[in-house]
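The listed protein sequences correspond, in order, to chains A and B.
The C-terminal position of the first sequence is numbered 360 in numbering that gives the first Met the number 0, with every residue numbered one higher than the one before it.
The C-terminal position of the second sequence is numbered 360 in numbering that gives the first Met the number 0, with every residue numbered one higher than the one before it.
Beta carbons are placed, not taken as given, at the ideal position from N, Cα and C, and that holds for glycine.
Have a look at the structure below before the remarks.
There are 2 protein chains.
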Amino acid sequence: MTANLERMRQQMNHIGGSLRPHVKTAKSANVLAHIFEDKNTAKICVSTIREAEYFSEAGYTDIMYAVAIAPNKLDAIVRLMQTGTNLTIVLDNIETAQIVAAHGKQHKALFNVFIELDVDGHRSGVTPTDPALLEIARFIDKTEGIKLAGVMTHAGDSYNCTSIQGIRVMAEQERARSVAAAESIRQAGITCPDVSVGSTPTATYLESAEGITEIRAGVFIFQDLFQAGINVCQESDIALSVLATVIGHQKSKNWVITDAGWMAMSRDRGTQAQSKDQGYGLVCGINGEILIDDLIVVSANQEHGIIAKRDGTALDLSQFPIGSKVRILPNHACSTAAQYSKYTIIENNQCIGLWPRIRGW
Amino acid sequence: MTANLERMRQQMNHIGGSLRPHVKTAKSANVLAHIFEDKNTAKICVSTIREAEYFSEAGYTDIMYAVAIAPNKLDAIVRLMQTGTNLTIVLDNIETAQIVAAHGKQHKALFNVFIELDVDGHRSGVTPTDPALLEIARFIDKTEGIKLAGVMTHAGDSYNCTSIQGIRVMAEQERARSVAAAESIRQAGITCPDVSVGSTPTATYLESAEGITEIRAGVFIFQDLFQAGINVCQESDIALSVLATVIGHQKSKNWVITDAGWMAMSRDRGTQAQSKDQGYGLVCGINGEILIDDLIVVSANQEHGIIAKRDGTALDLSQFPIGSKVRILPNHACSTAAQYSKYTIIENNQCIGLWPRIRGW
């Protein structure tokens, strides 16, 4: 984890970028304490009100809630702003802007709002060339109760890239389209302070942060098999694993049965469509070393994992006696970590602590 | 939920079966209180030590821990037995039996053990005709620290059935093979008190419980789209849903964006291989009524769900204004419920309570 953080720090220095880590992966103040030396200058990004509340209580005061706001969450946003948190919110349509402004006016609050951009057809957001972008910006600019923080986007389609060069192209597209959107707002005479972009793949391979004021990424903290599958990291960089115990064998099938099923790994099959399908996870030895090529969790029930070679060929089951332990690297750090209420911290093959993490909304 | 419980009660009465509900789906003492009038005569089945501890504390004293035991869990089992809980454990090989017996002898405990059977090639267990079955039974019979509770199996392959008749065949196979295994042990002069079988599909369609002393099932309590997909229930029987709020639209794509992504639904795509792929869930109105045929969560990110028609055809987005709410039926009740720490209980479209649930191991 420390190496992953250092690598991203170097990348930010290299491209002149400023990191706003997304805490939806780690959901733990202990992890954040390893990223930021000073909470007062830290800025973070959250995916739920629960995360905003937890990290605000933990002393983080510059928070972007990066999921388009819904009306029923505005009261919670106001409460957090009243505690002194600089909490920014996100929207991508005029209807929401009207609701937010009305709520601000009614409750004497000033909502600081990012307009979400769609730079790759991935999900939410208004495209940079859509007339709605300026319409929303003008509405925010002239209306009480709401002000413009800037534009933001998430190049989620970078997850579908199959080469580093492909990710570089996506990263530059994310940057250029976001900067262009901000410029079009500025040319309309409206102040647009921030341009916020990010995803772990594009943050890793962006070559210049020109015009970008902040970069958001979260998975890079732990990395996972999905990121390794798109060359964003190596398997050896993956800092999160599930410790499993062998509970049985099916000798005729070359299966090892463990107590780590999908409840332990999550149901995430993110590598299913990649060239190397990792099943429910890649099996390592107790210290995280890869023991046998292609040894994966081929199938999982709620509390049972079935370990076998990817091609089903013979396996020396005596290497995995009843009660022995393996570590399993996850497809997706966000979903696997979410199955747990704490992290067991390992340094030099020793447990040196337990770090709590939160869940819920 | 009440109707689902009543339906299973009637089925048990009809076939002369005795239910040992699997609590791995609900993980809530409040749910169990609706199944059992008297905790003292209740018997339950758990999938983790955490569940065993929680339900033991809640007053349930007859508990089967239905995942093959690992040596590192025996201390916890002993502690629970010392509180007066009749806790039975499961194994399927002689190595584990030896470890369990040695632990029992060392700690002056008597482990009450089920031998797990493999009746359908699904996962764990010894096949009823494997000589290992009698070898394990004889070892348990003659050894201190361990005694035989019976045989147990889970016909997990019933989940792959495509017709009710297919499930009936699987149910009878599960019953007949388990009874045959118990008989072969008894013919060797060894007492084999219990024959425990079960899965929601086979429990639902078993036609006679002859020779079976108990039937385990868990998902039937809530039901889900997977079970509906194999004709174990109707979509209208599904008692668990996720309440989501509309946060945006992509008009050109006929998409409604909500705040219920895979963190809210789980990553479970259990219906993916069924004839009717339900995406990440089937979309209903606020009171659980199906609004529009084929309206599903077609895609999900961590905190974003994308709702569209299955075939991508036009959708009247004005039916789903910003801030409006929908209910989403899950693919798999076990995995979706696991994303939450409580249930909101709805009766006559009113919230009448919050029921806590547990997680972890």
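Could you name the residues of the region 293-306 of chain A whose beta carbon sits closer than 9 Å to any beta carbon of chain B, in the order they occur along the chain?
If the cut-off is 9 Å between Cβ atoms, the region 293-306 of chain A has S298, N300, Q301, E302, H303 and I305 near chain B.
Ranges of the alpha helix (DSSP H) found wholly within the region 28-91 of chain B, counting only runs of at least 4
Listed in chain order, they are 28-32, 48-56 and 73-81.
Any chain A beta carbon closer than 8 Å to B/H248
Taking a beta-carbon distance threshold of 8 Å, B/H248 counts as an interface residue toward chain A.
Please list, in chain order, all residues of the same chain as A/H362 whose beta carbon is under 6 Å from its beta carbon, the five residues on each side excluded.
The requested residue 362 of chain A is not part of the displayed model; chain A covers only 0 to 360.
B/F221 versus B/L109: straight-line alpha-carbon distance, rounded:
Near 36 Å, if we compare the C-alpha coordinates of B/L109 and B/F221.
Residues that B/C333 contacts on chain A, provided the C-beta gap is smaller than 7 Å
Within chain A, the residues near B/C333 are Q301.
Which residues in the same chain as A/R176 place their Cβ atom closer than 6 Å to its Cβ, once the five residues preceding and following it in sequence are excluded?
Closer than 6 Å at Cβ, skipping near neighbours: V118 and P127.
Sequence-distant residues of its chain with Cβ nearer than 7 Å to A/I139 (five each side left out):
Shown here for A/I139: same chain residues with a beta carbon closer than 7 Å to its own, the five before and five after excluded, namely A96, V112, I145, K146 and L147 in chain order.
Looking at the C-beta of A/S157, does it have a partner C-beta in chain B at a distance below 8 Å?
Judged by the 8 Å Cβ criterion, A/S157 is not in contact with chain B.
Just the C-alpha distance for B/G284 and B/S46, rounded to the nearest angstrom, thanks.
Approximately 34 Å between the Cα atoms of the pair.
Is A/I357 close to chain B? Criterion is C-beta to C-beta, closer than 8 Å.
Output row for A/I357: interface = no.
Can you tell me where the beta strand (DSSP E) with A/V150 in it begins and where it stops?
Per DSSP, A/V150 belongs to the beta strand (DSSP E) from I145 to M151.
Inter-stretch contact at 8 Å, needing at least 3 Cβ pairs: the region 11-27 of chain B / the region 204-212 of chain B
With the cut-off at 8 Å, the region 11-27 of chain B and the region 204-212 of chain B touch.
Indicate whether B/Y53 and B/I344 have their beta-carbon atoms separated by less than 8 Å.
No, Cβ-Cβ distance for B/Y53 and B/I344 is not below 8 Å.
With DSSP run on the structure shown, which of helix, strand or coil describes A/L132?
Here A/L132 carries a helix assignment [DSSP, helix/strand/coil].
Does any CB atom of chain B fall closer than 8 Å to the CB of A/W261?
Contact of A/W261 with chain B is assigned, a C-beta pair being separated by under 8 Å.
Taking a cut of 8 Å between CB atoms, which residues from the region 195-225 of chain B lie near chain A?
Answer in chain order: no residues at all.
A/D310 burial status per 10 Å Cβ neighbour count (16 or more: buried)
A/D310 should be labelled exposed.
Nearest to A/N230 by CA position, among A/T199, A/T257 and A/I214, is which residue?
The shortest Cα separation from A/N230 among A/T199, A/T257 and A/I214 belongs to A/T199.
Kindly indicate the opening and closing residues of the alpha helix (DSSP H) around B/C350.
Note, B/C350: premise wrong, no alpha helix (DSSP H); beta strand (DSSP E) at Q349 to P355.
With 8 Å as the C-beta to C-beta threshold (strictly closer), list the residues of the region 11-41 of chain A near chain B in chain order.
So the close ones are K23.
For the region 60-74 of chain A, which residues have a CB atom closer than 9 Å to at least one CB atom of chain B, in sequence order?
Taking 9 Å as the Cβ-Cβ cut-off against chain B, the residues of the region 60-74 of chain A that qualify are A65, V66, A67, I68, A69, P70, N71 and K72.
Leaving out five residues on either side along the sequence, give the residues of the same chain with a beta carbon under 7 Å from the beta carbon of B/Q301.
Closer than 7 Å at the Cβ level, and outside the excluded window around B/Q301, lie G260, W261 and M262.
Can you give the beta carbon distance from A/H21 to A/G217, rounded, assuming they're within the 8 Å contact cut?
Their Cβ separation, rounded to whole angstroms, is 3 Å, which keeps A/H21 and A/G217 in contact under 8 Å.
Does any residue of chain A bring its CB to less than 8 Å from the CB of B/T244?
So yes, B/T244 belongs to the interface.
Name the chain C residues whose beta carbon is nearer than 8 Å to that of A/E94?
Checking the listed chains, one finds no chain C in this structure; the protein chains it contains are A and B.
Take A/A25 as the anchor and find which of A/L224, A/S251, A/T335 and A/A101 has the nearest alpha-carbon.
Nearest C-alpha to A/A25: A/T335.
Quickly, what does DSSP pair A/F110 with across the bridge? List them, please.
According to DSSP, which records beta bridges pairwise, A/F110 is partnered with A/I145.
Can you tell me whether B/N330 is buried or exposed, with buried defined as 16 or more other CB within 10 angstroms of its CB?
The residue is buried, with at least 16 neighbouring Cβ atoms inside 10 Å.
7 Å CB neighbourhood of B/L294 in its chain, flanking five on each side removed
So the list reads V282, I306 and K308, once near-sequence residues are dropped.
Every unbroken beta strand (DSSP E) inside the region 170-231 of chain B [3 residues or more]
Those beta strand (DSSP E) runs which fall completely within the region 170-231 of chain B and span 3+ residues are 193-196 and 213-216.
Under the assumption that B/I93 contacts B/I62 (Cβ atoms under 8 Å), give the Cβ distance between them as a whole number of angstroms.
Contact flag wrong, Cβ pair sits at about 25 Å.
Candidates A/V66, A/G197 and A/T244: which alpha carbon is nearest A/Y158's?
Closest option to A/Y158, Cα to Cα, is A/G197.
Out of curiosity, what's the CA-to-CA distance linking A/N286 and A/R326?
Going by the C-alpha atoms only, they are around 7 Å apart.
Candidates B/H106, B/T82, B/L116 and B/I291, of which the one nearest B/I184 by Cα:
Each of B/H106, B/T82, B/L116 and B/I291 was checked against the Cα of B/I184, and the nearest Cα belongs to B/L116.
Should B/L353 be labelled buried (16 or more other beta-carbon atoms within 10 Å of its own) or exposed?
Counting Cβ neighbours within 10 Å, B/L353 comes out exposed, since fewer than 16 surround it.
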